[in-house]
Structure formats: structure tokens, C-alpha cells
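Engineer: Numbering (the UniProt record's numbering), first residue to last: 1 to 240. From the three backbone atoms N, C-alpha and C, an ideal C-beta is built for every residue, glycine too. Take this structure, written in C-alpha cells, and hold onto it; I'll ask about it next.
In C-alpha cells form, the structure reads like this:
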């Protein structure tokens, strides 16, 4: 048995112990626990904690077990996704990767990540290979840029965290929102092991909604932008 199998077996045994305890409670007296109600609400909370029935049952959505559980969950909670969060018992985790937000052009085209901003500085010093003063100025400008990016990304993550937490507390009932942020300007956000921003296809709908709300509410980091080349700004030649 692999370590993963052992972990799953231990988890199953733990669940059996809890359910058996509830089952004994339900049969101990005439006014004992309503086991069906207990189980339905426990499953509803488990589903809510991971983002709803669809995410909970995504491993085998077409199985007969999944079909029956889906019916039980929707009968308990309802079909509206907005109903799920009221059953949450765990904090909602909202991921944030600031470098990904800046470097992917879908939301904010024209913003430069740190590497591209450093390259842009280098274009101003292309003829400085033998000029010590110019090389020193080049290094100093890069150092200043790196310091600014680090400070701006960190400040953005802190603002984002405050707004996301406030959004959770404004809900009724309020929920605990915790932001897990990667504020490094050199983050490898394309690496699957790195914190990445949520998306509507793979993430908890509520996490996406709160992420969008926080993103829309605060100013972006003060970063460099793509500069138009001189040739790009020249008027087009007249045609006859």
C-alpha cells in the first residue's frame, strides 16, 4: 500500500468513526439525532467548502454515486450557486499572483513586468558599453526599478488582501476570506506549483467573484508601460 493509499484509508476510517458515532446517536432514543438531516448538512458544508457540488463530484461526475449525491446536495442547498457559501465552515482562500496580473495582457495590455522593464532600460544604454559613467547610471536605474517593483507589488497585495477580507465580512452571514499572495516581481506564475490567479473554469466561483471585486476596487501597481516607437507615432503617408 502506497503512502497515498494509507492516507486515503485513514481518512475513510476517520469518516466512518464520525458517521458511526452519529448513527449511534440517532438510534439511542426516540428524540435522538436525525441522521439523514445530519448527513445531508454535513455533505452540504463539505461541498460548500470546496466550491459547490460540481467541484466536489468532478472526479466521477457520471457515476451513479455522484448522481445520487448531487440530488441530495441540491435538495439540501438548492440549485443557485449563491446558496452554497452560506454553508461554508472553512475560510475562503483567494489566490493572488501580482506578476501574473501585470504580465498577462488580457486584463491590462501594455503593462511591463520586471524583466521587460529592465530590457526597456537597456535599450537606452545600447551605446554605453565603454562609458563607465553610463554603465554606472544603467546599474543604478535597474536597482531603483527593482526596488520600486518590489515595493509596489507588495503594497498592491496588501491592499488587495484588505479589500477581499472586507468583501467577505460584508456578506450575510459573513465569511472569513484569506488571500494567499505571491507578490514577487520575479514570480514564475506559469509554473503549476506556483500560486496563480483564479479563473472561471477551474476555481471556486465565490473566490473568483471576490478576486474580481478586489481587483476592480484598487489601483494597480505603479509599473512601466510599453512605449510607442517613434515610427509608430508617425502619420501614415497620404495615398492618392
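If you draw a straight line from the alpha carbon of residue 226 to that of residue 90, how long is it in whole angstroms?
Structural biologist: Position 226 of the chain shown, counting from 1, holds the residue named residue 226. Position 90 of the chain shown, counting from 1, holds the residue named residue 90. So the alpha carbons of these two residues sit roughly 42 Å apart.
Engineer: Using CA atoms only, rank isn't needed, just tell me which of 215, 136, 66 and 196 is closest to residue 164.
Structural biologist: Position 164 of the chain shown, counted from the start, is the residue given in the question as residue 164. Among 215, 136, 66 and 196, the Cα nearest to that of residue 164 belongs to 215.
Engineer: What would DSSP say about residue 226, mapped onto helix, strand or coil?
Structural biologist: Here residue 226 is taken as the residue at index 226 of the chain shown, counted from 1. Residue 226 falls in the coil class under three-state DSSP.
Engineer: Would you kindly work out how many angstroms separate the C-alpha atoms of residue 20 and residue 43, rounded to a whole number?
Structural biologist: Locating residue 20 in the chain shown gives position 20, where the first residue counts as 1. Locating residue 43 in the chain shown gives position 43, where the first residue counts as 1. Cα to Cα, the separation comes out at about 15 Å.
Engineer: Report all residues from its chain with a CB closer than 6 Å to the CB of residue 243; omit the five preceding and five following residues, and keep chain order.
Structural biologist: Nothing about residue 243 can be reported from this structure: the residues present for the chain run from 1 to 240 only.
Engineer: Roughly how many whole angstroms lie between the Cα atoms of residue 86 and residue 173?
Structural biologist: Position 86 of the chain shown holds residue 86. Position 173 of the chain shown holds residue 173. Answer to the nearest angstrom: the Cα atoms are 7 Å apart.
Engineer: Tell me, please, whether the segment 108-120 touches the segment 193-208 by the rule of three or more beta-carbon pairs shorter than 8 Å.
Structural biologist: no
Engineer: Cα-Cα, which of 208, 132 and 170 is closest to residue 50?
Structural biologist: Within the chain shown, the letter at position 50 stands for residue 50. Residue 208 is the option with its Cα nearest to residue 50.
Engineer: Have a look at 136, 153, 37 and 135 and flag the residue whose alpha-carbon is nearest the alpha-carbon of residue 72.
Structural biologist: One-based indexing of the chain shown puts residue 72 at position 72. By alpha-carbon distance to residue 72, the top candidate from 136, 153, 37 and 135 is 37.
Engineer: If you reduce the DSSP assignment to three classes, tell me which class residue 199 lands in.
Structural biologist: Indexing the chain shown from 1 puts residue 199 at position 199. The answer is coil: DSSP assigns residue 199 none of H, G, I, E or B.
Engineer: Who are the near neighbours of residue 48 in its chain, counting only those whose CB is closer than 7 Å to its CB and skipping five residues on each side?
Structural biologist: Here residue 48 refers to the residue found at position 48 of the chain shown. The residues are 84, 85, 87 and 88.
Engineer: Report yes if the C-beta distance between residue 167 and residue 103 is below 8 Å; otherwise report no.
Structural biologist: Numbered from its first residue, the chain shown carries residue 167 at position 167. Numbered from its first residue, the chain shown carries residue 103 at position 103. Cβ distance not < 8 Å, so residue 167 and residue 103 don't count as in contact.
Engineer: Can you list, in chain order, the residues of its chain whose CB lies under 6 Å from that of residue 183, leaving out five sequence neighbours each side?
Structural biologist: For this step, residue 183 is matched to residue 183 along the chain shown. Counting only Cβ-Cβ distances below 6 Å, and skipping sequence neighbours, we find 98, 153, 154 and 157.
Engineer: On the three-state DSSP scale, how would you describe residue 98?
Structural biologist: What you label residue 98 is simply residue 98 of the chain shown in a count that begins at 1. Residue 98: helix per DSSP, three-state reduction.
Engineer: Can you give the Cα-Cα distance for residue 77 and residue 57, rounded to whole angstroms?
Structural biologist: What you label residue 77 is simply residue 77 of the chain shown in a count that begins at 1. What you label residue 57 is simply residue 57 of the chain shown in a count that begins at 1. If you take the alpha carbons of residue 77 and residue 57, they lie about 15 Å apart.
Engineer: Rounding to the nearest angstrom, what Cα-Cα distance links residue 2 and residue 142 in this structure?
Structural biologist: Taking the first residue of the chain shown as 1, we reach residue 2 at position 2. Taking the first residue of the chain shown as 1, we reach residue 142 at position 142. A straight line joining the alpha-carbon of residue 2 with that of residue 142 spans about 50 Å.
Engineer: Rounded to whole angstroms, what is the Cα-Cα separation between residue 240 and residue 191?
Structural biologist: Residue 240 sits at position 240 when you count from the first residue of the chain shown. Residue 191 sits at position 191 when you count from the first residue of the chain shown. Legend: pLDDT at residue 240 = 45, less than 50; position of this residue unreliable, no value from coordinates given.
Engineer: Given that a residue counts as buried once 16 or more other Cβ atoms are within 10 Å of its Cβ, and exposed if not, what is residue 53?
Structural biologist: What you label residue 53 is simply residue 53 of the chain shown in a count that begins at 1. Residue 53 should be labelled buried.
Engineer: Here's a check: name, in chain order, each residue in its chain whose Cβ is nearer than 8 Å to the Cβ of residue 41, leaving out the five neighbours to either side.
Structural biologist: Position 41 of the chain shown, counted from the start, is the residue given in the question as residue 41. Within the same chain, residue 41 has close Cβ partners 76 and 87.
Engineer: Tell me which same chain residues have a C-beta within less than 8 Å of the C-beta of residue 185, skipping the five on either side of it?
Structural biologist: Here residue 185 is taken as the residue at index 185 of the chain shown, counted from 1. Excluding residues within five positions, the ones whose Cβ falls inside 8 Å are 98, 99, 113, 114, 146, 149, 150 and 153.
Engineer: Is residue 232 buried or exposed, if buried means 16 or more other CB atoms sit within 10 Å of its CB?
Structural biologist: In the chain shown, the residue the question calls residue 232 occupies position 232. Its pLDDT being 42, under 50, residue 232 is placed unreliably in this model, and the value from its coordinates should be taken loosely. By the 10 Å Cβ count, residue 232 comes out exposed.
Engineer: With DSSP run on the structure shown, which of helix, strand or coil describes residue 183?
Structural biologist: The residue given as residue 183 occupies position 183 in the chain shown. For residue 183, the secondary structure class from DSSP, reduced to helix, strand or coil, is coil.
Engineer: At which residue ranges does the segment 51-80 contain complete alpha helix (DSSP H) runs of 4 or more residues, listed in the order of the chain?
Structural biologist: 53-56 and 64-77
Engineer: Are the Cβ atoms of residue 210 and residue 30 separated by less than 8 Å?
Structural biologist: Mapped onto the chain shown, residue 210 falls at position 210. Mapped onto the chain shown, residue 30 falls at position 30. Taking 8 Å as the Cβ cut-off, residue 210 and residue 30 do not qualify as a contacting pair.
Engineer: Tell me which same chain residues have a C-beta within less than 8 Å of the C-beta of residue 194, skipping the five on either side of it?
Structural biologist: What you label residue 194 is simply residue 194 of the chain shown in a count that begins at 1. Only 97, 182, 187 and 188 meet the Cβ criterion.
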